[in-house]
Amino acid sequence: MAYAAGFAASALSTLAFSSVAVAQAEAPPSRQANAGAKDVSSTGEASPIAESYPNAAIGDGTTSGGYNQSRWAEDWSKLRDPKKRKDIVDQLKFISIAGDGDVYLTLSGEARLRVNQTTNPNLRDAEAQRQDILRLFGGADLHVGEHLRFYGELAHGTLEGQNLGTALPNLRNKLAVQQAFVDLTGTVADVDVGVRYGRQTFADGPNLLVVPRDNNTLFFGFNGFRAWARTAGVRADVFDFKPTAYGNGGTQDDNAESARRFSGISTGIVVPETLFGGSKLYVDPFLWRLRNRGAVWGTDNAREARNFYGLHVWGDAGPVNLDWTINYQGGSYDNRSIKAWLILLAQTYKLGEGKSAPRVGFHADYASGGGAYGNGTLRNSLAPFGNNVYYSYQLFATPTNLVALAPNVTFSVFDKLRLTAEYQRSWRDTTSDAVYRANGSAFAGTQNFGGKKIADTLRFQAVYPFTSRLSFTGRYEHLIAGPALTNAGYKNSDFLAGWISYRF
373 MAYAAGFAAS
383 ALSTLAFSSV
393 AVAQAEAPPS
403 RQANAGAKDV
413 SSTGEASPIA
423 ESYPNAAIGD
433 GTTSGGYNQS
443 RWAEDWSKLR
453 DPKKRKDIVD
463 QLKFISIAGD
473 GDVYLTLSGE
483 ARLRVNQTTN
493 PNLRDAEAQR
503 QDILRLFGGA
513 DLHVGEHLRF
523 YGELAHGTLE
533 GQNLGTALPN
543 LRNKLAVQQA
553 FVDLTGTVAD
563 VDVGVRYGRQ
573 TFADGPNLLV
583 VPRDNNTLFF
593 GFNGFRAWAR
603 TAGVRADVFD
613 FKPTAYGNGG
623 TQDDNAESAR
633 RFSGISTGIV
643 VPETLFGGSK
653 LYVDPFLWRL
663 RNRGAVWGTD
673 NAREARNFYG
683 LHVWGDAGPV
693 NLDWTINYQG
703 GSYDNRSIKA
713 WLILLAQTYK
723 LGEGKSAPRV
733 GFHADYASGG
743 GAYGNGTLRN
753 SLAPFGNNVY
763 YSYQLFATPT
773 NLVALAPNVT
783 FSVFDKLRLT
793 AEYQRSWRDT
803 TSDAVYRANG
813 SAFAGTQNFG
823 GKKIADTLRF
833 QAVYPFTSRL
843 SFTGRYEHLI
853 AGPALTNAGY
863 KNSDFLAGWI
873 SYRF
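Those letters in the sequence shown? Residues 373 to 876, per the numbering used here, in order.
Next up, the structure:
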């Protein structure tokens, strides 16, 4: 722990120029730009923390109504007082074991029933696919005093339906250890430090580059260590991970991948609130490395070492919500150099006051492409572990060889029903390279045909929270294939999904 915490603390010194930012930082806004496509369970704001880095900006995802996609990021210590527990579920959130509550257990769980219907699956003229999906999660969070904590989470996934094809283990799984880790935390020279080791979710970066992927039945997770150091105005987070490779049987066939290793440092700076007249903005530089012994580009399968040099700027400036990322990618693939860019710009404007006020906005994105089917420099960008439904609910697009422009609007009706509509136009950056799916694989043959336009995509989402624990989400997408796809024999497609989720 000392080495990891020291490494993170030393990284803070490189950001020290911004320590004048905030002595008493407020919580950041939720990342609402293009809200209908964000890979979060819900949106909201966390309470401010007086002398620590803002809790909602430390890279643990979004917490709303006490709940987070990563359940270990929730804090139910307020229920230490029995008078604040309103029902039997509240009793499960703080189970005192010893020391007048110094040792306590928090139980959590989720049941989600979902149905997906897709016409022309894989954009081929074929029978429609229906997926009937059940997700069951159960978690236990044991706090032993102020500095030690253990977390474990089991997951089950059921998949039935029609025309399913091969069932991936993140959709159908008898039982998996989704997370299991230990935390050790403390304070060194007025700096909050900590280290975590084990299997865990990770979201300390732009939404399009690294998230647990709530669209999947089982979360995308990692195995390894994460260490952090945080002050009121700056923070640093170092990590070294291998992704989890799920089997589809019991808990004995889930292992850490041997082919991929993901490591790096994510940092954060609180922008002074007075800089833009009352803003809540955050600047998060990051430096990552992804090594993959079996990366596939074109017809080749070879070793790739890819470095990510990036800057993520996000938050609120008055009525404007921003989520901007610029990322240069270098390295090598099969003794070929990598030179790629990602520029991801999402923004919305709030029309009125209050959390339910309408928002209008757009996202404009550039993901470089080229070189997968040649011998020179590889210019295809990569979003390794990001939100896989941002560009297509059907998983038919990803930020590789992609240019996209999408206006959107979000508004509320009937008090709690939140609606989002988006119209996206997308093109290839390079017509000599392929069109790519969300899993990174190419639409076969698209590299052999001309055509810049990939698709026009119309998308709608409706979210209705019956209570803070029970909610319904519905999604519809109509994809109109452009010449980049139709010239290679691909078709239009419609996608309809709905699910009801209960969390405690």
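C-beta atoms are modelled at their ideal positions from N, C-alpha and C, and glycine is treated no differently.
Taking the CA atoms as reference points, Gly724 sits about 14 angstroms from Gly733.
Residue nearest to Pro493 within the set Tyr795, Gly822, Tyr765 is Tyr765 (criterion: CA-CA distance).
Note that the C-beta distance between Arg751 and Gly743 is below 8 angstroms. For Val461, the secondary structure class from DSSP, reduced to helix, strand or coil, is helix. The three-state secondary structure of Thr616, taken from DSSP, is strand.
By the criterion of at least three beta-carbon pairs nearer than 8 angstroms, the region 612 to 629 is in contact with the region 586 to 595. About 4 angstroms separates the Cβ atoms of Gly566 and Thr557, confirming a contact at the 8 angstroms cut-off. Contact fails between the region 622 to 630 and the region 645 to 660, because fewer than three Cβ pairs, one in each stretch, are under 8 angstroms apart. Spatial neighbours of Ala667 in its own chain (CB-CB distance under 6 angstroms, excluding positions within 5 residues in sequence) are listed in chain order as Glu676. For Pro691, the CB contacts under 6 angstroms within the same chain, skipping 5 residues up- and downstream, are Tyr721, Lys722 in chain order. A Cβ-Cβ separation of about 6 angstroms places Ala769 in contact with Ser798 under the 8 angstroms criterion. Between the region 507 to 521 and the region 471 to 491, the count of C-beta pairs closer than 8 angstroms reaches three or more; the two stretches touch. In this structure, Val582 lies near Phe574, with their beta-carbon atoms less than 8 angstroms apart.
Closest by C-alpha distance to Phe658, out of Arg632, Arg544, Glu794, Thr697, is Thr697. Sequence-distant Cβ neighbours of Ser813 in its own chain, meaning closer than 8 angstroms and more than five residues away, are Val668.
By the criterion of at least three beta-carbon pairs nearer than 8 angstroms, the region 860 to 871 is in contact with the region 483 to 500. Asp688 sits in a strand when the DSSP states are folded into three classes.
Check the Cα spacing between Leu547 and each of Asp626, Ala718, Leu540, Asn579: the tightest is with Asp626.
Pro454 is not bridged by DSSP to any residue.
Taking the Cα positions, Arg809 is about 6 angstroms away from Leu767.
Distance between Tyr836 and Trp444, taken at the CA atoms: about 25 angstroms. Spanning the alpha carbons of Thr782 and Tyr705 requires a straight line of approximately 41 angstroms. In the DSSP secondary-structure assignment, Thr435 is bridged to Asn440. Under the three-state reduction of DSSP, Glu645 is assigned to helix.
The closest CA to that of Ala778, considering only Glu446, Asp737, Ala601, is found on Asp737.
By the C-beta density criterion, Lys788 is exposed, having fewer than 16 other C-beta atoms within 10 angstroms. Here the C-alpha atom of Gly533 lies approximately 8 angstroms from the C-alpha atom of Gln501.
Spatial neighbours of Tyr700 in its own chain (CB-CB distance under 7 angstroms, excluding positions within 5 residues in sequence) are listed in chain order as Tyr681, Trp713. In this structure His519 is exposed. Its beta-carbon is surrounded by fewer than 16 other beta-carbon atoms within 10 angstroms. CA-to-CA, the gap between Phe838 and Gly861 works out to about 43 angstroms. Between Phe553 and the set Thr589, Val560, His515, the nearest pair of CA atoms involves His515. DSSP, read as helix, strand or coil, puts Ala667 in strand.
In the assembly as shown, Asp805 is a buried residue. Its beta-carbon has 16 or more other beta-carbons within 10 Å. Beta-carbon to beta-carbon, Ser442 and Asp432 are separated by about 6 angstroms, close enough to satisfy the 8 angstroms threshold. Assigned with DSSP and collapsed to three states, Asn699 falls in strand. DSSP places Thr845 inside the beta strand (DSSP E), whose first and last residues are 842 to 853.
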